[in-house]
Each structure stands twice: as C-alpha cells, then as structure tokens.
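Accompanying notes for the structure given below.
Protein chains in written order, with our numbering: chain A, 68 to 227; chain B, 640 to 1098.
Shown next, in the form of structure tokens:
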C-alpha cells in the first residue's frame, strides 16, 4: 500500500465526513486504521463507519471492494466485498441534483442503467451530467452534495 | 503576495516551483495525472489534486480540469511552468476572466510573441536586427536575384506553406539560386499545393545565444546576461552555459541591450527569454521570445544569484523588482547538462521505465534539479527529461572539470541516459576551446551511433 493512497483516503474522509476507516491489503496483510480526530467519539451519530479491504494494488478506484457497515459496529471485522466504486471521470464540484430545489438524481437503493444520470460535476461553470455507464444498484453515496472531487475519486458504490 | 498557488505542470519544474513557493511562505496546490500519482514531489505540496488520466490533453493540457482544480482548491494564482499551457494565450485569458492570476506575461503579449511574423515585425520596430529576407513572396527569378543581391549569399529559399525541410534550398551563388528557386517552388507546390516561396539570409552554423529578462509591472526591465545553448540535437538543447565564450564584452552589451529593447517594445512583464542567432562574423539576429520560465533558467540563477522563480511570483503579485541593471553582478561560470532518459545508441529513442538505482552527484559547485529517485518509474507519456545537472565555478575550464567529475559520479541504473554523450561533448576539444556552434552535435555525433570519447576510453 503506498503513502499516496493513504493520503487520498484521508482527504476523502475529510471531504466525505467519514469518521473511521479500516483498510486491509490482502497481498501484504497490512492493515491500516484511520480515525478522524475529534470525530471519533461522535462516530456513532456523525457518520457511517466504512471498512475497506483493498483487493489489489495499486489503483483503489478499480481494486477496492467495500461494504457499508452500521455505525458503531466492532472495528476490524472482516468486511464483505459487496460494491464496485464508481470513479469520478473529472475534477470539479459534485452535485447530487440539477438544482437546489430539484430531487437528487439517485438515492441509496436506486437502480441505474447505463443511460441514468447519477450526478453533476461542475467544472469552469459547466454542468457536466455524469452517466452511470453500467446497470446496477446504488449501495452508497461517498461524497456530499457540493463537495469538490478529483479525477478517479470514488463517488458511489455500485452493486453491478 | 499570493496565499495559494496552483502549479499546472509536472516533474522537475513542478518541484522547482514548489520550492520557490515554500521559501516565500506561499501554500502550494500540485495537480497531477494518474501517471504521476506516486511522484514524491507531490508530498511537498500543501494539497494535491488528480486532474485526469495520463494523456496530457486530458490532464496537464486540459484548461477546464486545471481551472476547476484551482477553483476547488481556492488558489489565487497559477504557475504554468514550461511547455504544456505556459505560452497558451487562451489559458492566460481564462485565468484572467476567472480572477486567477496567471504567472507570466499578459495574454495579448503572449499572443503577439507567439506569432512568428508579428514577433519579427515587433523586433524590427524596436530597431533590433532580424534575419534579412524578402519579407513576403518572391514571384520570379528576377526578383529573387535582386533580393539576393541586397541581402548577400548564402541564401535560404523557403516555402511559405513549408515545414519539415520540404521546399527548402540553400543557394551560395546566382546559378544555384535560380535552380533552387524553381526546385523549391515546384517541391512546395507538390507537397503543399502552394508554390509560394520567400528568401532569407542563411546564417551558417550560428551560435544560439539567449538573454534572460525580468520585467515588473512598473516599467523596470533588466537583463540577467546571456546563455549559450549552441549544443543542440535537432533543436533540442543538451548543454547550456553562461557566460558565452563567443561574446566580447562589447558584443554582450549590445545583444543584451537589444533583448531589453524587444521586451520594452512588447510591454513585456515577468520572466522571459529573447533568443538570437549569432553568426561567426559577430552579427546577430533576433529569432523569438520565449514568454515563460525556461528549462535552463538555473544557469542564470547560478551566475547572478537571482532566484528567477521567486522573482516571477513577486512580479505577478504586483511587487516592484527591487533592483536595477547596475545591481546585477555576474560571478563565475555555470554549465547545465540535461539528463534525458534516451538511448544515444538507438537514435535517442526515449527509454522510460523503472530507475533501479539513482544516486545524484554532489559536492562543491554542483546543483541537481530532478524529481527522480531510486524506484521511480519514468512514465512513457511525457518528455524524457529526468533532470538537470548544473555546476558553478570561477572559470569555464574549472566548470568543465567539475561537470565531468559530476557526470562520472551520477549513477542511474535502469533507463539509458544521455550521460555518455554529455561526457563526450564536455571532453571534446572544440567544446573545451569554446569553439562550437549549433552544428556541433550533428557534425561529430550525427553518423556515429556509438559515442566516442575523445582522448579517453569508451566507457
């Protein structure tokens, strides 16, 4: 597991409001547990605790499998690989709906097909509609509305 | 001064800009493509943002990706480095409209200097010598002969629509001018569908001399002396040095004054370089302005003690230059060698891949600007420069000795590099005598794939 990946995970936790993250690399057996300072105690009410098991080195965007676990669950339990991350195709600002009043494009549990719009990413004042490009079910939304995202950053977990 | 600067580049120049920012107390935002995700210089930045895939057009050349990154990172300025978007007037304009300071000249200046014809006209207006020519199409033999008489032989006949050497002829006398005129014209007609040709004086085996300029937004313009970049291979510079062995103090003063004139006439701001061809008879001609920081800028930093990248940041932030021409002192001799991952034995093919062992040289008088390290993988997507090795010594002969020592010390295992060629160039008697020109590499190494080391064993 490289340092860059851990840095990215930390940045993602900060942006996504994730309080606690367990990462395990089966190739090396290395386990990393990241807990956000100041949020850790409040984890139970603050946000979901997500356990990641890194499936393969190096790209987390393609190699990560993850399952959302209920808040407060005992850490370091073996996570069940259940979702495929959906990486951001561009750098910009993430929006879940077409406007402040509009309904979000997708909610957790929504079924999507390749043509479904899943979010908007704004770059240079251009609203880019992002299509799912696969069929499946949204298991988790990893980014808050209005958060900045970088290229390749996981936005959703999908069951395909 | 800026609070946060985004660096729209990669590799050694991204690292160089991060260093300058950190010394000035400016926060840095480094952007990178997926091919550069594990680059170590990214750790020195305060924030890093992945802006796209390996392909430059979707990452380092993507204006929307870079502007979006600057907006989400809340950067107040962008440093473009060299290459990529550094001389793209459209990018400079977009920065301006997004209220982000572009660290470089104004978009209008970039546009004018980027147009070869407009830049030539600008130099002429400024009273700076340009390569004499017909200034427009030459219709017939008689006109060609008249023009040739006024500018003198040898003459280059060039296709207006040309490029890549096609439709080009060199004429050394009247008969060869007449045959060359018709040959170039018909070749251009066949190749480009346009037989228009023009004439230009052919400067034979010139030296490449360029002058570093700094200009603030209050009209102060200084030059920081010249760099001699005559050691080139197919217009790619390999070795640069300052001062040039070819300039007398009188000629140096004139050429540097010409560079300042061009900069003043262009309303130039920030750091820039004015390039000239110097012929053997001491006449020199303006060729172009590079409206950016250049790869070889550290050569000038070593002999003047001025940090050019810090000056770029200060000027862009609206500070006054803080010194005048008379304050610029030149000390000693500096040489730069470009260390490229290329195989000189296979026609300089790029040699990307993993660096198994990397041990840079050090010791007195040595500077290495490089983003490489043992275990680093040189991506095949970008240029092959691994870094720059520089030396600074009181005299040229001493600088050459230190450079040879440093090249010997440099350990790079894995990719093939230009080090054997550089060692050979630095050992060559013509180079040591300072008697070399832009034809040097082609003349001595053009037809020999194996690199001979004059007066030494071939290692």
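We put the CB at the ideal spot given by N, CA and C, even for glycine. Quantities reported herein were computed from a predicted structural model and do not represent experimental measurements.
Judged by DSSP secondary structure, residue 1050 of chain B falls outside any alpha helix (DSSP H) and instead within the beta strand (DSSP E) spanning 1050–1052.
Per DSSP, the unbroken alpha helix (DSSP H) holding residue 730 of chain B starts and ends at 728–736. Distances from the CA of residue 833 of chain B to each of B/797, B/705 and B/866 were compared; the closest alpha carbon is that of B/797. For residue 780 of chain B, there is no enclosing beta strand (DSSP E); the enclosing alpha helix (DSSP H) has its first and last residue at 780–790.
One alpha carbon belongs to residue 915 of chain B, the other to residue 848 of chain B, and they sit about 5 Å apart. Per DSSP, residue 849 of chain B lies in no alpha helix (DSSP H); the unbroken beta strand (DSSP E) holding it starts and ends at 846–854. Within the same chain, and ignoring the five residues on either side of residue 678 of chain B in sequence, the residues whose Cβ sits closer than 7 Å to its Cβ are 671 and 1010. Under DSSP, the beta-bridge partners assigned to residue 795 of chain B are B/809 and B/839.
Residues 861, 863 and 943 of the same chain have their beta carbon placed closer than 7 Å to that of residue 967 of chain B, with the five preceding and five following residues left out of the count. Per the coordinates, the alpha-carbon of residue 695 of chain B lies some 35 Å from the alpha-carbon of residue 174 of chain A. At the C-beta level, residue 913 of chain B and residue 928 of chain B come within 8 Å of one another. Distance check between residue 748 of chain B and each of B/738, B/737, B/725 and B/769 places B/725 closest, using alpha-carbon atoms only. Distance check between residue 188 of chain A and each of A/153, A/213 and A/160 places A/160 closest, using alpha-carbon atoms only.
Exclusion of the five residues before and after residue 640 of chain B leaves 663, 664, 665, 952, 953, 956 and 958 as the residues of its chain whose Cβ lies within less than 8 Å of its Cβ. Of the candidates A/225, A/166 and A/224, A/166 places its Cα closest to the Cα of residue 194 of chain A.
For the pair residue 1005 of chain B and residue 768 of chain B, the Cα-to-Cα distance works out to about 37 Å. Taking a Cβ-Cβ threshold of 7 Å, the residues of chain A close to residue 707 of chain B are 158, 159, 190 and 191, in chain order.
The alpha carbon of residue 729 of chain B has as its nearest neighbour, out of B/720, B/708, B/756 and B/700, the alpha carbon of B/700. Secondary structure note for residue 755 of chain B: its alpha helix (DSSP H) is the uninterrupted segment 755–764.
In the three-state reduction of the DSSP assignment, residue 192 of chain A falls in the coil class, being assigned neither a helical nor a strand state. For the set B/1034, B/688, B/683 and B/676, the Cα lying nearest the Cα of residue 656 of chain B is the one of B/683. Of all residues in the region 683–699 of chain B, only 686, 687, 688, 689, 690, 691, 692, 697 and 698 place a beta-carbon less than 9 Å from a beta-carbon of chain A. For the C-beta of residue 215 of chain A, the chain B residues within less than 7 Å are, from N- to C-terminus, 711. Contact between residue 178 of chain A and residue 171 of chain A is ruled out by a C-beta separation of about 14 Å, above the 8 Å threshold. Contact check for residue 806 of chain B against residue 787 of chain B fails: the beta carbons are separated by 8 Å or more. For residue 1011 of chain B, there is no enclosing alpha helix (DSSP H), since its DSSP letter is neither H nor E.
The DSSP-derived three-state label of residue 672 of chain B is strand.
Within the same chain, 919, 1076, 1077 and 1078 come within 8 Å of residue 844 of chain B by CB-CB distance, once the 5 residues on both sides are set aside. The alpha-carbon separation between residue 690 of chain B and residue 697 of chain B amounts to approximately 8 Å. Residue-level contact check: residue 218 of chain A touches chain B, since one or more beta carbons of chain B fall below 8 Å from its beta carbon. Put simply, of B/990, B/1035, B/1068 and B/1003 the residue whose alpha carbon is nearest the alpha carbon of residue 1053 of chain B is B/990.
Residue 703 of chain B sits in a helix when the DSSP states are folded into three classes. In the three-state scheme derived from DSSP, where H, G and I count as helix and E and B as strand, residue 814 of chain B is classed as helix. Pairing residue 867 of chain B with residue 772 of chain B, the inter-Cα distance amounts to about 25 Å.
For residue 703 of chain B, same chain residues with a beta-carbon under 6 Å away, outside a window of 5 residues either side, do not exist. Per the C-alpha coordinates, the member of B/1043, B/978 and B/850 positioned closest to residue 936 of chain B is B/850.
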